[in-house]
Amino acid sequence: MTDITVAYEPPLRFRATHAEPGAVLVMDGPRELGGTGESFSPSDLLSLSLGGCILGIMAVAARSMDIDISGATAAVSKEMGGTPRRITHLSVIVRVPGAFDERQRRKLEAAAHACPVHNALGIDAPIVFDWVG
């Protein structure tokens with residue numbers, strides 16, 4: 082289990098501390114809600130978590146095939162809206178440099194779609210791959 086404590090600091094800043102290593106992450110509310118917008122917002126971090134999870138699971142799959150996906154990127158787009166305010170759309174474009182055979186490519190794509198963060202969200206966020214070779 083992971084223990085993280087999040088503390089509120091006005092006007093809309095949140096300081097998260099990870100219990101085990103003591104790492105600290107600062108989040109700011111968006112300007113349109115009265116925050117400073119100086120750092121990632123909590124919903125930005127959800128996008129960051131999704132992109133990082135996709136690349137992480139892909140890296141594990143790549144390692145199991147003895148291939149290198151260094152330089153791979155995940156560009157996550159987030160749209161906010163609705164009442165109550167929520168994330169209404171997420172999309173991810175994954176770019177993976179290098180040449181891969183069809184089996185490797187299928188395994189990497191399957192890994193990306195198996196990301197636990199994406200699965201926990203329970204949403205249909207398209208993951209589009211752009212293979213740059």
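Numbering of the sequence shown is given in our numbering, commencing with residue 82 and proceeding in unit increments. We treat Cβ as the ideally placed atom computed from N, Cα and C, and that holds for glycine. Here the structure is a predicted model, which means the values were calculated and not measured.
Please confirm whether residue i and residue j have their CB atoms less than 8 angstroms apart.
| i | j | result |
| --- | --- | --- |
| G115 | D109 | no |
| I150 | G179 | yes |
| V177 | A206 | no |
| T98 | T86 | yes |
I'd like to confirm the pairing. Which residues does DSSP put opposite residue i in its beta bridges?
| i | result |
| --- | --- |
| E160 | H170 |
| V107 | R96 |
| A155 | V175 |
| D211 | R176 |
| I85 | H99 |
| E90 | R94 |
Three-state secondary structure (DSSP) at residue i?
| i | result |
| --- | --- |
| M146 | coil |
| I204 | coil |
For my contact list, residue i and residue j are in at a C-beta cut-off of 8 angstroms; report their separation, rounded to the angstrom.
| i | j | result |
| --- | --- | --- |
| A156 | M139 | Not confirmed; about 14 angstroms, so no contact. |
| I148 | F181 | 7 angstroms |
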